[in-house]
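Step one of this worksheet: look at the structure below.
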Amino acid sequence: MKLRFLIAPVLCATLSTGALAQDPAPDSLKQNTLLEGVEIVVIRAGDHTPFTFTNLYKKDIQKLNDGKSIPYILDQMPSVVTNSDDGIGIGYADMRIRGTDNQRINFTINGIPVNDAESQGTFFVNFPDLISSASSVQVQRGVGASTNGAGAFGASVNISNIDQSEDAGAEVINTYGSYNTWRHTIKAGTGNIGGGFNFDVRLSKISSDGYIDRGFSDLKSLQFLAGWTSADRRTSLKFNLFTGKERTGQTWNGVVQDSLETNRRYNELGLKEDGTYYDDQTDNYQQDYYQLFFNHKFTEKWSGNAALFLTRGRGYYNEYRMGEAYSDYGLPDYQADTTVLSETSLIRQLWLDNYFYGIVMGARYVTQ
């Protein structure tokens, strides 16, 4: 069977950016089956595509999954280098592929772009334990096949988490590790029930004190997946909701050079004039992902699919600042009698509140 051509327009928008579109790349998968997810059509590389890639399947993911952030699940792949702010890979973590930083790596979940619409980076802490419900991961090194979201100049990473089992089942995972690290995961699925319906749910909670001083993490996530397949199996509809909520201690600055020999866990953020630390130097954020997939097989040769998505994010971080000028905040200098103060110490709170939404569509034609 040979794939002749692929049509995959992408429309995306945010409150601060306009529509995104790139030229689609052809797909070379040789399977004449009803597609389970949009990502198979427009994102994944096959054996005969000119891309360097590595696949991780469910059995591989289960062996590697110890509750750490996604970069640490992938860090044994070729050309992947990882790092974390808290020192153990639970909270904020980052990765490079072939030396390319996070902002130049295209990340998609089920073919839906997840790179931040403003910074173009991906913040894995916003979807903790997502890998527990993933069925496969593909990492493409170098320029890749993805035409969705941020430019895939350095690499592409696609995660699929919408596969459903035909059989009912449940799973409970509880683990404990160094630095008071806990992971609790509950998964359950109905399997195929009457009318072609299938439902799955996952609840996760991960917490840790972190290696770096005050680098704690308190992460929660939920996934709900509802699927429907027609009796003739030519049409399928899936709704995928997953949400993540994080509260982490700020450790963004790393360890200063002169502390590496004496106190490798040192964290300067939140330091006050008296040598104590502000006790709410934290990052707080919640991100919700809504994905709706439609697939239909029109004939033995023609099939089409579409996906609607909405990503909703909101949160803030608190920060203690010493020696801040009043003028930086649009305030006049403070005067008491003959004393004039032009700066002060303060606590500030910075917010993010954003939406990212769009539609992904594709058509596929195959011949024997």
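For the sequence shown, counting from 1, position 37 maps to 76 in my numbering; every step adds exactly one.
Note that CB positions come from ideal geometry on N, CA and C, so glycine has one too.
This one's a predicted model, so the numbers in the text were calculated from it and none came from an experiment.
Residue interval of the alpha helix (DSSP H) (run including residue i)
i    : result
D313 : Per DSSP, D313 belongs to no alpha helix (DSSP H) and is neither H nor E.
Y305 : That residue, Y305, is in no alpha helix (DSSP H); it is neither H nor E in DSSP.
Q101 : K97 to L103
Y111 : I109 to I112
Boundaries of the beta strand (DSSP E) in which residue i is found, first to last residue
i    : result
Y396 : E382 to T406
L242 : F236 to S247
I127 : No beta strand (DSSP E) contains I127, which DSSP labels as neither H nor E.
F332 : T321 to K336
L443 : The chain is shown from 40 up to 407; residue 443 falls before or after that span and cannot be answered.
K284 : T274 to G288
M361 : W341 to A364
S5   : In the structure displayed, the chain extends from 40 to 407; residue 5 sits before or after that span and is not available.
G160 : Careful: G160 lies outside any beta strand (DSSP E) and carries neither H nor E.
V196 : A194 to S199
D257 : S256 to T268
A207 : It is not in any beta strand (DSSP E) - A207 carries neither H nor E in the DSSP assignment.
R143 : Run containing R143: none; DSSP gives neither H nor E here.
Y373 : Y373 to A375
V178 : S175 to R180
Alpha-carbon spacing of residue i relative to residue j, whole angstroms
i    : j    : result
S366 : R303 : 36 Å
A173 : Y359 : 38 Å
Y394 : G352 : 6 Å
N219 : S123 : 17 Å
Y328 : N149 : 12 Å
I112 : I100 : 8 Å
N165 : A346 : 22 Å
I198 : L308 : 34 Å
W243 : G126 : The sequence as given places Ser at residue 243; Trp does not occur at that position. Looking at the two C-alpha atoms, the distance is approximately 21 Å.
D423 : V120 : With the chain covering 40 to 407 only, the question about residue 423 has no answer from this structure.
N94  : S269 : 30 Å
L370 : L389 : 18 Å
G216 : D318 : 25 Å
T147 : L103 : 20 Å
E157 : L391 : 11 Å
G233 : R137 : 48 Å
N200 : S384 : 46 Å
Y396 : A209 : 32 Å
W341 : K97  : 29 Å
I398 : F348 : 6 Å
I144 : P110 : 12 Å
G375 : S246 : Reading the sequence as shown, one finds Ala at residue 375 and not Gly. Between A375 and S246, the C-alpha separation is close to 47 Å.
P152 : R135 : 18 Å
T301 : Q320 : 23 Å
Q330 : I170 : 17 Å
Close beta carbons around residue i, own chain, < 6 Å, minus the five adjacent residues each side
i    : result
T287 : G130, S256 and D322
S29  : Here the chain comprises residues numbered 40 to 407, so residue 29 is not present and cannot be evaluated.
H335 : T274 and G343
I79  : The predicted model places I79 with a pLDDT of 45, which falls under 50 and marks its position as unreliable; any figure quoted below should be read in that light. Cβ within range, chain order: n/a, list empty.
N213 : H223
Q262 : S172, R241 and F281
S175 : Y96 and S199
G160 : N141 and Q142
W267 : G235, F236 and L276
G293 : none
T350 : Y328 and F395
F238 : T229 and A265
P117 : none
Sequence-distant residues of the same chain with beta carbon closer than 8 Å to residue i, five excluded per side
i    : result
T139 : F192, G193 and A194
T91  : Q179, R180 and G181
Own chain partners of residue i with C-beta closer than 7 Å, once the 5 adjacent residues on each side are dropped
i    : result
R387 : E358 and R360
K284 : K259 and Q325
S381 : A364, Y365 and D372
L310 : Y316
V77  : Because the pLDDT of V77 is 45, which lies under 50, any placement of that residue in the model is unreliable, and the number read from its coordinates should be weighed accordingly. So the qualifying residues of the chain are N149, G150, F332, N344, A346, V399 and G401.
S204 : G228 and G230
Y250 : D125, G126, I127, Y218 and R304
T377 : none
Distance between beta carbons of residue j and residue i, contact taken as under 8 Å
i    : j    : result
R222 : G106 : 4 Å
V178 : V196 : 5 Å
G230 : A265 : Not really, about 13 Å apart at Cβ, beyond 8 Å.
K277 : F332 : 4 Å
Y356 : Q289 : 7 Å
Closer than 9 Å to chain C by CB, residue i
i   : result
K98 : Absence of chain C from the displayed structure is noted, only one protein chain being present.
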